[in-house]
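A.B. asks: Position 60 of the sequence shown, counted from 1, bears residue number 60 in our numbering, the numbering being contiguous throughout.
Virtual Cβ for every residue (Gly too), placed ideally from N, Cα, C.
A single structure is presented below for examination.
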Amino acid sequence: MTEWAVEARGLTRYFDKKTAVDNLTLQVAEGEFYGFLGPNGAGKSTTINMLVGLLRPSAGQCLITGIDMWANPLAAKKRLGVLPDGNNLYQRLSAREFVRFSGVMYGLPKQDAAQRTEELLDLLDLTDDADKLIVDYSHGMRKKTALAAAIVHNPRVLFLDEPFEGIDAISGRVIRDVLRRLRERGATIFFTSHILEVVERLCSRVGVIADGRLVAEGSMDELRTQAEHGADATLEDVFLRAVGAADETSTEGRLSWLGNP
Ligand SMILES: Nc1ncnc2c1ncn2[C@@H]1O[C@H](COP(=O)(O)OP(=O)(O)OP(=O)(O)O)[C@@H](O)[C@H]1O
Ligand SMILES: [Mg+2]
1 MTEWAVEARG
11 LTRYFDKKTA
21 VDNLTLQVAE
31 GEFYGFLGPN
41 GAGKSTTINM
51 LVGLLRPSAG
61 QCLITGIDMW
71 ANPLAAKKRL
81 GVLPDGNNLY
91 QRLSAREFVR
101 FSGVMYGLPK
111 QDAAQRTEEL
121 LDLLDLTDDA
131 DKLIVDYSHG
141 MRKKTALAAA
151 IVHNPRVLFL
161 DEPFEGIDAI
171 SGRVIRDVLR
181 RLRERGATIF
191 FTSHILEVVE
201 RLCSRVGVIA
211 DGRLVAEGSM
221 DELRTQAEHG
231 ADATLEDVFL
241 RAVGAADETS
251 TEGRLSWLGN
261 P
């Protein structure tokens, strides 16, 4: 039997009466770069949070390299790097302290953690501010710090929830390169982004979620052939069709106070 890097089996999460994730089953093979797309509120972050052990599922199973996350969380988490949604960092640490701390927590010897931290801070253009407290950082600086902390231990499976959101073009390019290199070294990457161009450029496979359910999945070529526009379809065409929003994006006849064109 194949062992998947990431596997969700019937994953479900309720918030009161709302079903945020609805019986979701998906598999990601080792070494894949998997893009997880969906409209705002579709259930992407909820899915990731369950897969990485931050949010308990209402039902279903999460397996990381074959290890059940909720039955054996420590062993599963050792294989992971996570950039969660939001900015829940230790605000009273500096970036340098936080990235080193993450490295050591994941089992790196202190010296290695320190050296890798310096290299990451330099690459992400954080060195000048590395001793400032995270609480005083800008949004993008926090995100880059969180990213450095997620990859410092060279994880086998990396989860990134909107890594490019709020990131400038220079760091965006650096991050894309780093992700490519991690993948070349065999890491599996599972990431969400609303920037379809980035997804198209990086991902070997894409899954689309709407209302908590997986509504399309495949390589870019497979998704294109499923779309109306055939081989010319962009990821945006595929996406809008899959989530049933292709006819909903027109603003004509809406926002009466803006007048008619
Ligand atoms: N802690 C929570 N309590 C109550 N409802 C929640 C909670 N977290 C998420 N939800 C609900 O679950 C649904 C899915 O939210 P989720 O954050 O997973 O969406 P998303 O796909 O990540 O969206 P976005 O693209 O905006 O980040 C939404 O309806 C949201 O309101
Ligand atoms: Mg989200």
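(1) Report the CB separation of Ser45 from Asp85 in whole angstroms; it is logged as a contact under 8 Å.
(2) To which residues of the same chain is Leu51 closer than 6 Å at the C-beta, ignoring the five residues directly before and after it?
(3) Compute every distance between the C-beta of Ser193 and the non-hydrogen atoms of ligand 2, then say whether any falls below 7 Å.
(4) Helix, strand or coil: which one does DSSP assign to Gln111?
(5) Is Ser138 buried or exposed, if buried means 16 or more other CB atoms sit within 10 Å of its CB?
(6) Which of the three DSSP states is assigned to Leu124 in this structure?
(7) Report the partner residues of Gln35 according to the DSSP bridge assignment.
(8) Would you say Ala42 touches ligand 1, meaning its beta carbon is less than 7 Å from a heavy atom?
(9) Within a Cβ cutoff of 7 Å, which residues of the same chain sit near Val199, ignoring the five residues on either side of it in sequence?
(10) Going by the C-beta, is Asp161 closer than 7 Å to any heavy atom of ligand 2?
(11) Mapping DSSP to helix, strand and coil, what is Phe239?
(12) Going by beta-carbon coordinates alone, are Arg79 and Val157 separated by less than 8 Å?
(13) Report yes if the C-beta of Phe15 is less than 7 Å from at least one heavy atom of ligand 1; otherwise report no.
(14) Where does the unbroken alpha helix (DSSP H) through Asn49 begin, and where does it stop?
(15) Using only CA atoms, which one of Ala227, Phe191 and Val243 lies nearest to Arg213?
(16) Residues in the same chain with beta-carbon distance under 8 Å from Leu24, minus the five sequence neighbours each way, listed in chain order, please.
(17) Identify every residue that forms a DSSP beta bridge with Gln27.
(18) Please report the straight-line C-alpha distance between Leu26 and Val6, rounded to a whole angstrom.
(19) Note the first and the last residue of the continuous beta strand (DSSP E) segment covering Ile64.
(20) Got a sec: does ligand 2 put a non-hydrogen atom nearer than 7 Å to the Cβ of Asp168?
(21) Exposed or buried, what is Asn49 when buried is set at 16 or more other beta-carbons lying within 10 Å of its beta-carbon?
(22) Which one or two residues does DSSP pair with Leu133 in a beta bridge?
(23) So which of Glu184, Leu121 and Arg176 has the shortest CA-CA distance to Ile195?
(24) Starting from Glu217, trace the beta strand (DSSP E) both ways and give me its first and last residue.
(25) With 16 as the cutoff for other CB atoms within 10 Å, does Gly107 come out buried or exposed?
C.D. replies: Short version:
(1) 4 Å
(2) Cys62
(3) no
(4) helix
(5) That one is exposed.
(6) coil
(7) According to the sequence provided, residue 35 is Gly. The question's Gln does not apply to it. In DSSP, Gly35 forms a bridge with Phe191 and Val206.
(8) yes
(9) Gly35, Leu37, Ser193, Val206 and Leu235
(10) Asp161: yes, Cβ under 7 Å from ligand 2.
(11) helix
(12) yes
(13) yes
(14) Counting along the chain, the alpha helix (DSSP H) containing Asn49 begins and ends at Lys44 to Leu51.
(15) Closest option to Arg213, Cα to Cα, is Val243.
(16) Excluding residues within five positions, the ones whose Cβ falls inside 8 Å are Ala8, Gly10, Leu11, Thr12, Gly43, Thr47, Gly60, Ile209, Gly212, Arg213 and Leu214.
(17) Glu7
(18) When the Cα atoms are used, Leu26 and Val6 turn out to be separated by approximately 8 Å.
(19) Ala59 to Ile64
(20) no
(21) buried
(22) Residue pairing of Leu133 in beta bridges, as defined by DSSP: Ser94.
(23) Arg176
(24) Unbroken beta strand (DSSP E) run through Glu217: Arg213 to Gly218.
(25) exposed
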